[in-house]
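Here our numbering is used: the first residue of the sequence shown is 3, the next is one more, and so on.
Heads up: the structure comes next, in structure tokens.
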Amino acid sequence: MNNSYLKNVVIIGGGPAGLGAALMLAKRGWQDITVLEKRPSADYYEPDKSFSYQIDGRGQKLTDLLGLTSQLADLSVPSTEFYLTLIKKDGTRKTSKLPIADPNRKTAYWLPRASFVQLLYQEIEQNWSDSIQVFFQTQCVEIQRNQEDLEIIAQLPDEKQLTFTPTLLVGCDGLNSIVRQTLHQWEQRKSHDFQMLQFPSPSSGLKYKVLTLPPQFPLSEREGDLAQSTMAYAIRSALTGRKQAISLGLLPLKDSSQPRTANIITYPDHQIWQLKTQEEVTHFLKQAFPQLPLEQIIAPEEIARFAASEGGTFPIPQYCSRLAQIWGQPQANQGTAVILLGDAVHCFPPDIGQGVNSALEDVYLFQEILAETQSSAGRGSGADRLGKGSESQAAPLRGGCFEQAQDNLSQALPRYESLRQPDIRALIRLVQISYPWQYNQDLFQKRLWSLNFFGRFVLSRIFSFLFNPHSFLLIQNHELSYSEILELSNRTTQVLFILGGLVILTLLFNLLT
Ligand SMILES: Cc1cc2nc3c(=O)[nH]c(=O)nc-3n(C[C@H](O)[C@H](O)[C@H](O)COP(=O)(O)OP(=O)(O)OC[C@H]3O[C@@H](n4cnc5c(N)ncnc54)[C@H](O)[C@@H]3O)c2cc1C
């Protein structure tokens with residue numbers, strides 16, 4: 003069977019960017035919004051993709067607009083309450099509070115990816131089900147171009163296909179985006195603008211796997227010595243050496259009934275990736291973590307799942323030069339506009355926790371530009387639905403369908419592309435330089451990084467007119483764009499080079515005279 007529907011907006015991908023974009027467009031008055039998501043549900047638990055997000059001030063621009071920040075806070079552990087317990091190989095422990103170095107920083111919130119995506123989906127279900135429809139277990143399998151129209155072909159779980167002909171297609175389908183890849187195929191004879199450009203980083207290529215642990219698991223044989231859900235843990239192994247030493251990293255979790263996830267991140271040639279059977283993994287973990295009562299913590303079935311899992315690899319930092327494409331005049335309902343948001347156009351290892359925040363900022367900026375370029379006839383007209391739970395002072399948004407909304411896609415998309423592109427380029431550079439050595443790949447490099455970080459920190463405190471803190475700290479200031487952060491960081495690097503050069507010249511001069 004092949005059903006064809008005319009839809010105003012089709013969004014491919016129901017992750018943070020996709021559901022965030024659907025809510026943002028619904029708030030702007032778009033009515034016929036379809037989200038296609040290949041996973042079975044919003045809160046679907048995939049052990050190896052069960053990482054935690056830290057939604058910072060940048061990501062909160064969108065949750066503020068959507069009126070969801072207080073619900074986000076209820077579901078999360080705030081960064082102001084982030085405590086880390088280090089458990090050494092002999093079982094001794096040290097708990098410390100994560101220092102908040104930047105007082106201007108907004109409280110950030112830690113929660114599992116599934117909980118955040120579920121929060122967005124719940125908002126759709128409760129308040130926007132008249133304008134947004136989410137199809138789960140539905141994969142976009144092909145996009146065809148028919149002159150100025152695009153046909154989106156989606157495969158349902160029962161093998162049936164649906165075809166959509168949207169006015170606006172939003173690609174929020176992550177790193178292997180079918181939307182971007184299709185645009186690349188169509189454009190490649192003319193340019194390679196929709197191809198991802200890749201940049202090296204010392205953390206890309208690292209492998210990761212996740213062990214699922216029970217909620218409040220025992221930390222020792224002592225009765226009542228249980229892990230606290232809101233506490234982060236770093237559990238060091240007794241095994242030493244580059245290919246054997248390992249660490250379990252657990253991020254804090256508000257919901258004490260949810261399982262804990264322990265991340266294992268290490269080099270591709272580490273021994274743990276060679277273990278193929280349940281027995282091999284059990285033996286390795288017992289040797290590595292004698293301080294933990296492993297039999298009580300990890301069920302044999304979980305070890306078997308872990309052994310069988312392929313795990314994942316940190317991606318190479320990459321971005322795409324083009325973010326949008328227009329055929330015809332979509333604002334006059336003739337033709338199609340395509341925009342790409344989130345990981346579909348910028349993807350990188352999780353070193354600086356900006357994956358989700360940059361994706362949410364994309365959506366926020368897109369709405370700002372839609373508001374700025376909307377035709378004056380539409381401004382402030384129609385039923386204003388911003389009041390529904392909104393926490394921000396955003397531009398007035400209108401109800402009504404697309405014709406009433408009068409979002410001028412032909413103006414907004416090129417403007418979005420020209421404004422966002424420099425930030426995306428800067429973000430990828432920041433990922434390369436900010437904290438790629440945090441996974442103990444090279445102790446010398448890590449020490450050098452620490453020296454650089456603390457050096458800049460101290461200098462910026464004493465001579466704030468000349469030096470800025472390290473980019474890893476600057477990123478936490480959501481009021482600065484990624485381009486501004488990179489510029490401040492580069493300026494400090496230049497000053498350090500000039501001063502270093504002057505010191506060397508003075509020493510040489512003294513030596514020679
Ligand atoms: C190991 C790891 C750890 C990470 N840790 C962090 C972290 O700590 N902090 C952080 O901010 N970010 C982290 N990230 C990055 C973060 O997950 C992404 O940047 C973020 O999820 C981007 O959101 P998105 O909506 O753009 O894409 P995604 O979250 O990738 O969502 C894309 C969605 O599209 C769906 N989809 C794809 N193709 C199709 C199709 N053809 N049809 C239908 N649906 C489709 C997918 O199922 C998925 O749900 C991490 C990434 C990895 C790999």
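Even for Gly, the Cβ is constructed at its ideal location relative to N, Cα and C.
Please read all numbers here as calculations on a predicted model, not as lab measurements.
The bridge partners DSSP lists for V347 come to none.
Selection R307, E374, D227, E297 evaluated against K278 yields R307 as nearest (Cα-Cα).
DSSP assignment within the segment 310-365 yields the following whole beta strand (DSSP E) runs of 3 residues or more, N-terminal first: 320-322, 326-331, 336-342. V347 has its Cβ no nearer than 6 Å to any heavy atom of ligand 1.
Secondary-structure assignment with DSSP links P80 through a beta bridge to Y111. Distances from the CA of S131 to each of L21, Q276, P302 were compared; the closest alpha carbon is that of L21.
In this structure I180 is buried. Its beta-carbon is surrounded by 16 or more other beta-carbon atoms within 10 angstroms. Counting C-beta pairs with one atom in each stretch, the segment 33-44 and the segment 133-150 have three or more that are closer than 8 Å, which means they touch. The beta-carbon separation of K211 and I266, rounded to 5 Å, stays under the 8 Å limit for a contact. The residue among N335, R224, P292, L241 with its C-alpha nearest the C-alpha of E150 is N335. Residue pairing of F459 in beta bridges, as defined by DSSP: absent, with no partner found.
Checking the 6 Å criterion, the Cβ of C322 is out of range of every heavy atom belonging to ligand 1. Judged by their CB atoms, T214 and T263 are nearer to each other than the 7 Å cut-off. K288 and T97 have their C-alpha atoms roughly 24 Å apart.
Here E312 is exposed: its Cβ has fewer than 16 other Cβ atoms, across all protein chains shown, within 10 Å. Ligand 1 has no heavy atom closer than 6 Å to the beta-carbon of Y46. By the Cβ-count criterion, P302 is exposed, with fewer than 16 other Cβ atoms from all chains shown falling within 10 Å of its own Cβ. Counting along the chain, E189 sits inside no beta strand (DSSP E); it lies in the alpha helix (DSSP H) bounded by residues 180-189.
In this structure, ligand 1 has no non-hydrogen atom nearer than 6 Å to the beta-carbon of I430. F474 is the residue among F467, Q443, F474, F465 whose C-alpha sits nearest the C-alpha of F455. Per DSSP, the continuous beta strand (DSSP E) segment holding K96 begins and ends at 95-99. Distances taken from the Cβ of K211 to the heavy atoms of ligand 1 include none shorter than 6 Å. When secondary structure is reduced to three states using DSSP, A236 falls in the strand class. Beta-carbon to beta-carbon, Q260 and P220 are separated by about 17 Å, too far to satisfy the 8 Å threshold. The criterion of a C-beta distance shorter than 7 Å is satisfied by S203 and P438.
Along the segment 22-89, the beta strand (DSSP E) occurs as fully enclosed runs of 3 or more residues at 35-38, 54-57, 85-89, listed in sequence order. A contact is defined here as three or more CB-CB pairs under 8 Å, and the segment 357-374 meets this definition with respect to the segment 59-66. DSSP, reduced to helix, strand and coil, places S249 within a strand of the structure shown. Collapsing the DSSP output to three states places Y484 in a helix. For T214, the pairing in a beta bridge is given by DSSP as T263. Counted as a single uninterrupted DSSP element, the stretch harbouring F137 is not any alpha helix (DSSP H) but the beta strand (DSSP E) occupying residues 134-137.
Residue pairing for I13: DSSP places it in a beta bridge opposite V37, V172. Per the coordinates, the alpha-carbon of E486 lies some 16 Å from the alpha-carbon of F467. Taken from the Cβ of Y441, every heavy atom of ligand 1 lies 6 Å or farther away. Remark: the shortest separation between the CB of Q276 and any heavy atom of ligand 1 does not fall under 6 Å.
Under the DSSP assignment, R147 falls in the beta strand (DSSP E) whose first and last residues are 141-148.
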